[in-house]
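Input: a single structure, listed below in structure tokens.
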Amino acid sequence: MRRPAPSPSPRAGPFPAIGRGTPRRAARAVLAAAVASGLLAPGYARADEPTALVMTDSVHDVILEVSVNGENTALLAHFRERDGHLSASGADLRTIGFATDRLGIADAATVDLDTIPGLRYRYDVARQSVDLQMPDTLRRPYAVDSRALPATQAATASRGTAINYEAYAQTIGDWQFSLYTDVRYFDPNGVFNSTGTATFYNGERRYTRFETSWSHSDPARPSTTQIGDAISGSLAWTRAVRLGGFQWRSNFALRPDLVTFPIPSLAGSAAVPSAVDLYINNVRQYTGNVPSGPFIIHDVPGITGAGQATVITRDALGRTVATSVPLYVDTRMLSPGLSSYSFEAGFLRRNYGLQSFDYDARPAVSGSMRRGVSDALTVEGHAEAAGGVLNTGVGALMRLGYAGVVSGAVAGSVGRFPGTQVSVGYQLIAPRFSINAQTIRAFGRYGDLASREGALVPSATDQATLALPFMHRQTLSLSYIGFRLPQGPSARIGTVSYTLSLGDLASLSVSAYRDFAQQGTNGAFVSLNIGLGRNTSINATVGRQRGQSNYTVDASRPPDYDGGWGWGAQTGGTGAVPYRQAQLRYLGHAGEVIAAAQTIDRQTGASLDVSGALVFMDSSLQLSRRIDDGFALVSTDGVAGIPVLHENRVIGTTDRAGHLLVPDLNAYQNNQVAIDSMKLPADARIARTSMTVVPQAQSGVVAHFGVSRYRAASVILRDAAGRPLPAGARVHHAESGADTIVGYDGLTFIDGLKEDNHLVIDYGTQRCVAEFAFTTPGNGTLPTVGPLTCRAAP
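Here the sequence shown stands for residues -47 to -1, 1 to 747, where the numbers follow mature numbering (1 follows the signal peptide of the UniProt record, and there is no 0).
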């Protein structure tokens, strides 16, 4: 029922819905400001209720408390009232909770509430409130992000150099020594990287360069620009090539918070404010609270392939509503509107790993792009060209509801290699089985950039895998791989394997294969793996292939991540060739050393492998384990022996220069680094004890914990008679200008001391002075000076 309002005169003025809080007090303030600013005419008369303002015409503006389906929202909103009928702007309706986008209501539009289908309302003039009776179809769902990831700070990089190295020497047969280096310079503008290996063998010395490039990443796009050696982007039906030149590619690794594949959103409704639980395949993935009305859960986690999602709501009375829906997620697809790409231009690389600078003299270009059209469709395309070769193709991935994803592509080439290629694939991942199959057929003389270097495209490529988890901790898988070259051998290999988990520390696997294209090419293997606890395991494998029997027994215990010793022992044989090996490993903060002794077919030898990294940052040279991603150099301004924590775990202490290198940080993600302030010297002070570090990829960041030193002491003051000065006496330090007071027993604490110090003390009607010399102790303690006799001031 609608109750008519008084008949005030109109004074139009746009009022936005105002915030939550004490409604009448807030309304009083808003309306007073509106009158003062001229938005409302001053001809209002106050009614009984504090928020009721009366005018003298049939149309007027009102600020009303809003209730939705009988539940007070603590929201004040602006309406226009005529003869008991209300209207509001689209912006105000959206703030109240109307789904204006779905209803087609613009923010600037004025809508009569009586014209909204399904809406009923009750306007209470005396209380200046309105109760809206809204079905869920009119309401904007309350959005829940089930991932709830913390915001990531902007990634940074300091200036420095890092060199990964691995030195390997062996004495089996001829003496051989090799040194692999990965030299990396980084700063906020990007990373310069060069890799290669120096080999010393039989009196020969040789250095082979692998890759050299400079790269710059932009998380806002997210993309990476690379100049130098690169690997071209590829799709499931194309081949990648190495080239030297320019590359611009999307790089979703720069945004760990970004979900690139379509994830279903789960909708529900709560009659009253409720708790909501989300279960994926009977595993709880999210718990939270929702208000009354419709809600939607975005970014459903914890699923790949087919599964079941169950949303359970519980209100304050314990009433439970459960809703289950099937889901299917394929991480190969892209979310609607999201694109990935890779564009390259340069010169094809030849004899990679054999020659340092062998490039084709003719330029080549390549490009790949994928885009999500909808939750069920992702399209992709590829093109590449070089002297005498042009290749283009298009493809797509389509989700078939909950029945998996089908993919297909067609490509063509002209020039030296005219022909076509067709690809068809299918994938289904279900809780009880999974299927993955793809076939590629090339017709004519189809070719691509790699074909120019002699790597011809196979005329047929087939692969299929069927995995069947059945019963308890058992998996049976069947696979088939086949290929046929235009002029060369072919292979058709079928494999069957069975795995059985025997508790948490043991597993048994049996596998067999056969190449149907070559007679006598088959084999079978049985493997048993047993975990003995404390990171120790034994693996035994017995098999036969191509008419020869072989066996291997391996026992090992790798070092813990925190460092320490590890070992390994292996024995085995292939046909009539036995071999034995023993290995001793040590992992420390400065790197890893592996020493091994080997016997192969009655030839005995030894090998030594040393790996690690050298880092030069902040005018400091640090030894470290191999560094593959981001890292941080902790600095405590020269204070040694301070424990450093990574994610609340102590990883080491600062050296004599106050540095400790923290490897293995996740680039473009929050990494928590802290120091243990309890180990600081007594005269040290620090602004903060922890910080969040977000390094750029392959770069380091200086985590500076600024430590300063007190020049302070406790000073004991006595009067001329040798009695402690009274507590509360005012002390002025002339050199620093600081003031303090005397505590009990004439003791006071003074900071900012100089070599010569003068004190002026006032107590009661008396004033006295004292002076003393100060030298900072070398052991970091705060000394006690005195007792000093305070002489009467002249």
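Note that beta-carbon positions come from the ideal geometry of N, C-alpha and C, so glycine has one too.
Quick one: grab the DSSP three-state call for residue 405. As a position in the sequence shown, residue 405 is number 452, starting the count at 1. Residue state, collapsed to three classes: helix.
Residue 369 by DSSP, collapsed to three states: which one? Taking the sequence shown and counting its residues from 1, one reaches residue 369 at position 416. Reduced to three states, the DSSP call for residue 369 is coil.
Starting from residue 58, trace the beta strand (DSSP E) both ways and give me its first and last residue. In the sequence shown, residue 58 corresponds to position 105, counting from 1. Looking at the DSSP string, residue 58 is not in any beta strand (DSSP E), and its letter there is neither H nor E.
How many whole angstroms separate the CB atoms of residue 685 and residue 705, which I take to be in contact at a CB cut-off of 8 Å? Here residue 685 refers to the residue found at position 732 when the sequence shown is read from its first residue. Here residue 705 refers to the residue found at position 752 when the sequence shown is read from its first residue. Wrong, their Cβ atoms sit about 12 Å apart, outside the cutoff.
Between residue 291 and residue 621, which are expected to be in contact by the criterion C-beta below 8 Å, what is the C-beta distance as a whole number of angstroms? Locating residue 291 in the sequence shown gives position 338, counting from the first residue. Locating residue 621 in the sequence shown gives position 668, counting from the first residue. So it is not a contact: roughly 18 Å between Cβ atoms.
Counting only the same chain and skipping the five closest in sequence on each side, list residues whose C-beta sits under 6 Å from that of residue 59. Within the sequence shown, numbered from 1, the residue matching residue 59 stands at position 106. Result list for residue 59: 43, in chain order.
Rounded distance between the beta-carbons of residue 315 and residue 287, thought under 8 Å: Counting from one through the sequence shown, the residue named residue 287 turns up at place 334. Counting from one through the sequence shown, the residue named residue 315 turns up at place 362. That pair is no contact at about 34 Å.
Starting from the N-terminal side, write out each stretch of the beta strand (DSSP E) that is 3 residues or longer and does not extend beyond the region 174 to 257. 176 to 184, 195 to 203, 219 to 223, 227 to 233, 236 to 243 and 246 to 251
Strictly by DSSP, which residues pair up with residue 327? For the purposes of this step, residue 327 is identified with residue 374 of the sequence shown, where counting begins at 1. Paired residues: 330.
Taking DSSP's pairing of strands, which residues face residue 150 in a bridge? Your numbering for residue 150 matches position 197 in the sequence shown. Bridge partners of residue 150: 133 and 161.
With DSSP collapsed to three states, give me the class of residue 583. Within the sequence shown, residue 583 is the residue found at index 630, counting from 1. Three-state DSSP puts residue 583 in a strand.
Please classify residue 754 as buried or exposed, where buried requires at least 16 other C-beta atoms within 10 Å of its C-beta. There is simply no residue 754 to check, as the chain begins at -47 and stops at 747 in what is shown.
Cα-Cα separation between residue 15 and residue 34, rounded to whole angstroms: Numbered from its first residue, the sequence shown carries residue 15 at position 62. Numbered from its first residue, the sequence shown carries residue 34 at position 81. Using only the alpha carbons, I get a separation of about 7 Å.
In whole angstroms, what is the alpha-carbon distance linking residue 161 and residue 308? Counting from one through the sequence shown, the residue named residue 161 turns up at place 208. Counting from one through the sequence shown, the residue named residue 308 turns up at place 355. If I take the Cα positions, the gap works out to 6 Å.
Does the distance from the CB of residue 384 to the CB of residue 234 come in under 9 Å? The residue you call residue 384 lines up with position 431 of the sequence shown. The residue you call residue 234 lines up with position 281 of the sequence shown. It is a contact, given that the beta carbons lie within the stated cut-off.
For the beta strand (DSSP E) containing residue 497, list its first residue and its last residue. Position 544 of the sequence shown, counted from the first residue, corresponds to residue 497. Run containing residue 497: 489 to 498, per the beta strand (DSSP E) assignment.
Give me the residue from 122, 104, 89 and 422 with the minimum Cα distance to residue 750. A question about residue 750 goes unanswered here, because the residues of the chain that appear run from -47 up to 747.
Nonlocal neighbours in the same chain, by C-beta distance under 7 Å from residue 46, ignoring five residues either side: Reading the sequence shown from its first residue, position 93 is the one you call residue 46. Contacts found: 53, 58 and 64.
CA-to-CA distance, residue 339 to residue 299, given in whole angstroms: Looking up residue 299 in the sequence shown gives position 346. Looking up residue 339 in the sequence shown gives position 386. Taking the straight line joining both Cα atoms gives about 10 Å.
Under 9 Å, Cβ to Cβ, is there at least one residue of chain D near residue 263? The structure shown contains no chain D, having only a single protein chain.
Any idea if residue 236 is buried or exposed, counting beta-carbon neighbours within 10 angstroms, 16 or more meaning buried? Position 283 of the sequence shown holds residue 236. Exposed, since its Cβ has fewer than 16 Cβ neighbours within 10 Å.
Buried or exposed, going by whether 16 or more other CB atoms sit within 10 Å of the CB of residue 159? Position 206 of the sequence shown holds residue 159. Looking at its Cβ environment, which holds fewer than 16 other Cβ atoms inside 10 Å, residue 159 is exposed.
Using DSSP with H/G/I as helix, E/B as strand and the rest coil, what is residue 46? Taking the first residue of the sequence shown as position 1, residue 46 is located at position 93. Helix.
Among 226, 695 and 616, whose alpha-carbon lies nearest the alpha-carbon of residue 670? Residue mapping note: residue 670 aligns to position 717 of the sequence shown, counting from 1. Residue 695 is the option with its Cα nearest to residue 670.
Is the region 629 to 637 touching the region 206 to 224, taking contact as three or more C-beta pairs under 8 Å? no
With 16 other CB atoms within 10 Å as the buried threshold, where does residue 724 fall? What you label residue 724 is simply residue 771 of the sequence shown in a count that begins at 1. That one is exposed.
Check whether the Cβ atoms of residue 594 and residue 579 sit closer than 9 Å, and answer yes or no. Here residue 594 corresponds to residue number 641 of the sequence shown, with the count starting at 1. Here residue 579 corresponds to residue number 626 of the sequence shown, with the count starting at 1. Cβ atoms of residue 594 and residue 579: not closer than 9 Å.
Could you name the residues of the same chain whose beta carbon sits closer than 7 Å to that of residue 443, not counting the 5 residues immediately before and after it, in chain order? Stepping through the sequence shown from its first residue, residue 443 is reached at position 490. Cβ neighbours of residue 443 beyond the five flanking positions: 436, 437 and 470.
Using the C-alpha atoms, what's the distance from residue 429 back to residue 411? Locating residue 411 in the sequence shown gives position 458, counting from the first residue. Locating residue 429 in the sequence shown gives position 476, counting from the first residue. Cα-Cα distance, rounded: 30 Å.
If we count the other Cβ atoms within 10 Å of its Cβ and call it buried at 16 or more, is residue 514 buried or exposed? Within the sequence shown, residue 514 is the residue found at index 561, counting from 1. Under this definition residue 514 is an exposed residue.
Enumerate, from N- to C-terminal direction, the unbroken beta strand (DSSP E) stretches of 3 or more residues contained entirely within the region 472 to 560. 475 to 486, 489 to 498, 501 to 510, 517 to 527, 530 to 541 and 544 to 553
Counting Cβ pairs closer than 8 Å, one from the region 276 to 285 and one from the region 257 to 266, do we hit at least three? yes
Output needed for residue 730: all residues of its chain with C-beta closer than 6 Å, excluding positions within five of it in sequence on either side, in chain order. Here residue 730 refers to the residue found at position 777 when the sequence shown is read from its first residue. Counting only Cβ-Cβ distances below 6 Å, and skipping sequence neighbours, we find 736.
Reducing DSSP to helix, strand and coil, say where residue 87 ends up. In the sequence shown, counting from the first residue as 1, residue 87 sits at position 134. Looking at residue 87 - three-state DSSP - the assignment turns out to be coil, as it is neither helix nor strand.
Alpha carbon of residue 728 to alpha carbon of residue 708, nearest angstrom: Residue 728 sits at position 775 when you count from the first residue of the sequence shown. Residue 708 sits at position 755 when you count from the first residue of the sequence shown. Those two C-alpha atoms are separated by around 6 Å.
What is the residue span of the beta strand (DSSP E) that residue 469 lies within? Looking up residue 469 in the sequence shown gives position 516. It is not in any beta strand (DSSP E) - residue 469 carries neither H nor E in the DSSP assignment.
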